[in-house]
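In the working numbering, each residue carries its 1-based index in the sequence shown increased by 145. Beta carbons are placed, not taken as given, at the ideal position from N, Cα and C, and that holds for glycine. The structure appears below as structure tokens.
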Amino acid sequence: MAALEKRALAGTPHEAAALRVGEIHGCDYCTAAHTAKARMTGATAAETVTFRKGEAEDPKLKALLDLAGAVVEKRGQVNDGEIQTARDRGLSDAEILEVLAIVVLNIITNYINAVVKTKVDVPAAPPIE
């Protein structure tokens, strides 16, 4: 995952995608850890909650969250229209592939944490109201 943190979607966009995936899977450890990391990239506590819900004010960041959510919820079976929408909203093809890589890596960590019941050893993510 460290290699992806140095790519085009490093920082807040990377953490936003990770938060969306973790929220969909109900991974308390990942939502806590990525909330902390997102805060270190400059995201506010309120933004971390909105990212988990798939929301963002920035259209490109919203496109990233929509794509990440669709990939998880549809088990990768997104359609051409969804990819085109991501492009139309500002994501390049390289960034779309990067979103897919972030999603896949976070699915792995979400599942590992679920199976081994990783103890949350960082402050919990704020609740979603």
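Proximity below 7 Å, CB of residue i to CB of residue j
i           : j           : result
residue 244 : residue 166 : no
residue 259 : residue 180 : no
residue 194 : residue 273 : yes
residue 199 : residue 214 : yes
residue 267 : residue 178 : yes
residue 95  : residue 247 : Beyond the ends of the chain as shown, which are 146 and 274, falls residue 95; an answer cannot be given.
residue 173 : residue 265 : yes
Residue burial classification, residue i (beta-carbon count within 10 angstroms, cutoff 16)
i           : result
residue 182 : buried
residue 158 : buried
residue 189 : exposed
residue 197 : buried
residue 239 : exposed
residue 154 : buried
residue 256 : exposed
residue 192 : buried
residue 168 : buried
residue 242 : exposed
residue 253 : exposed
Practice item. Report yes or no: do the stretch 223–241 and the stretch 198–212 share at least 3 C-beta pairs separated by less than 8 Å? Key: yes
Review point. Where in the stretch 208–260 do unbroken runs of the alpha helix (DSSP H), each at least 4 residues long, occur, reported from the N-terminal end onward?
Key: 225–233
Exercise for review: Kindly provide the ranges of any alpha helix (DSSP H) runs that are 4 or more residues long and lie completely inside the stretch 153–214, ordered along the chain.
Suggested key: 157–170, 173–185 and 190–197
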